[in-house]
Amino acid sequence: MSTQVMFPEEQEAINNICFRLQRDANARAVLLIGRDGQPMAEAGEVAELDTTSLSSLTAGNVAATGAISQLLSEKEFGSQFHEGERAHVHITLIAKAIMLVLFDERSSLGLVRLRVRKAAEEMNRQFEAMNNRKPEDRGPSVLDEISDSDIDNLFND
Amino acid sequence: MSFINYSSREINCKLVYYGPGLGGKTTNLQYIYQKTNPDAKGKMISLATETERTLFFDFLPLSLGEIRGFKTRFHLYTVPGQVFYDASRKLILKGVDGVVFVADSQIERMEANIEALENLRINLQEQGYNLEKLPYVIQYNKRDLPNAAPLAELRELLNPTNVPEFEAAAVSGQGVFDTLKAVAKSVLTELKRGG
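Rendered as C-alpha cells:
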C-alpha cells in the first residue's frame, strides 16, 4: 500500500501553478487530479463544479485511454481534448497526475495548449522535488500520532 | 494509493468492491448512499449499460469522520462483474487501498465466485499487489435467499486465509455497513503501520 503525502508549501506551489495556468489560458477552471482519481488542486470557477466526481471520471477516462494506447502499442496518449457546444475540456498527463483545463468561448484550444505546455513542465519539476523529499526532512507524520483507539473511535456508533 | 494532504488536513483512501456479476456490488453502494447523511457523501456515479449492468464502475465518495484533526475520506468503487470486462476491472484496481469481495451465496453461483476471486488475485498481482497483504474482507451476500449455500461451504472455498467475513443481504442493508467499517478500519490500521 503506497501513500502520497502533500505538505502545505507543496500544496501552495501546486495551487500557484494551477492558478497561473487558469489565468494565462483564460480558462474557466483548472484541476490537478491524482491518477487514481483523487482531487489534488483546483483554480478558477470551481464553486459550481462537482470536482470530486469530475476527478474520478477523468481518472477513469485517462486509465481507459491508456489501456487503448497499450493495445495499439503506443506508449501513451499524452493529451486529450473534448469539444462541447459551450464547454471544452483539455486533459494532459503529467508525472503522477492529470491536469484538466475547462474552458469556453473566452479562450481557444491553441491558447490552452500553449499555456498547458509551460505549466506541465513546472508541475513535473514540482512533483520531482516532492519525490526527492527525504522523509527525515519532515517532522513526525500524522500517522505516527494516530492510535488504535483513534481508529476504533471513528467506527463507534 | 492513499493521499494525505496536510494543507486541507485530509486522508483519502480508495476501496474497491469486487466479485462476480450480479453479486450485489452496486447494491452495496446504493444502500450506503441511501443511508448516509447528505453532509458525509458526494454524488454517486454509475457508469452502467441501458440494462443497468455496470459497464465501467460505480463511484461513491464518503466521509467517515475525523482522526486527530484529519478528515478521513473514502472513495468507494465497484468493478463490472461480467467476465468480459476484465480490462476495465484491472484499471479500477489501480491505486487500491482496500478490497471487499462480494460473493454471491447462491449455490449455483459458486463457480462464478471462485472464478472472480481467482481473477482478483491475478489482476492484483499484475499491478504488483498481493491479496494476502492488502486490507481485504469478504462479504457473503444474498444470505436471505432460499438457495444460499451453507456458510461453512462458502468459507472453505472462498476464505482459506480466514480474513474478516460478513453475512449480508445488501438489498435490505443487512451486513452492508459492517463490511464497510471492517475494510475501512483495516485500511487505516495498515496506513498507520506503513506510515
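Chains as they are written, first to last, in the working numbering: chain D, 13 to 169; chain E, 8 to 202. C-beta atoms are modelled at their ideal positions from N, C-alpha and C, and glycine is treated no differently.
Along the region 49-76 of chain E, the positions whose C-beta sits under 7 Å from a C-beta of chain D are Gly49, Lys50, Ile52, Phe63, Phe64, Phe66, Pro68, Leu71, Gly72, Ile74, Arg75, read in chain order. Within the model, the alpha-carbon separation for Arg118(D) versus Asn38(D) is close to 6 Å.
Of the candidates Leu138(E), Pro45(E), Val107(E), the residue whose Cα lies closest to the Cα of Ala189(E) is Val107(E).
By DSSP's assignment, Ile18(E) forms a beta bridge with Ile11(E), Thr79(E). With a contact defined as Cβ atoms closer than 8 Å, Ala55(D) and Gln34(D) qualify at about 4 Å.
Annotation: Ile29(D) to Ala76(D) spans about 27 Å, alpha carbon to alpha carbon. Within the region 161-200 of chain E, the runs of beta strand (DSSP E) at least 3 residues long that lie entirely inside it are, in chain order, 172-174. What Ser14(E) touches in chain D, judged by beta-carbon distance under 9 Å, is Met18, Phe19, Pro20, Glu21, Glu22, Gln23, Glu24, Asn27, going in chain order. For Asn148(E), the enclosing beta strand (DSSP E) stretches over residues 143-148. In the three-state reduction of the DSSP assignment, Gly78(D) falls in the helix class. Relative to the Cα of Ile121(E), the nearest Cα in the group Glu160(E), Gln181(E), Asn12(E) belongs to Glu160(E).
Short of 6 Å from the beta carbon of Tyr147(E), and not among the five residues preceding or following it, lie these beta carbons of its own chain, in chain order: Ala110, Ser112, Leu161, Glu174. Leu67(E) is the residue among Leu67(E), Gly88(E), Val103(E), Leu127(E) whose C-alpha sits nearest the C-alpha of Ala47(E).
DSSP, reduced to helix, strand and coil, places Ala110(E) within a strand of the structure shown.
Interface annotation for the region 35-60 of chain D against chain E: Gly46, Arg47, Asp48, Gly49, Gln50, Pro51, Met52, criterion Cβ-Cβ distance under 9 Å.
Boundaries for Ile158(D): no alpha helix (DSSP H) harbours it, and the DSSP string shows neither H nor E there. Between the beta-carbon of Arg96(E) and that of Val86(E) there is about 4 Å, and that keeps the pair under the 8 Å contact cut.
Scanning chain E for C-beta atoms nearer than 7 Å to the C-beta of Ile158(D) yields Ile74, Arg75, Lys199, reported in chain order.
Within 10 angstroms of the beta-carbon of Gly49(E) lie 16 or more other beta-carbons, which makes it buried.
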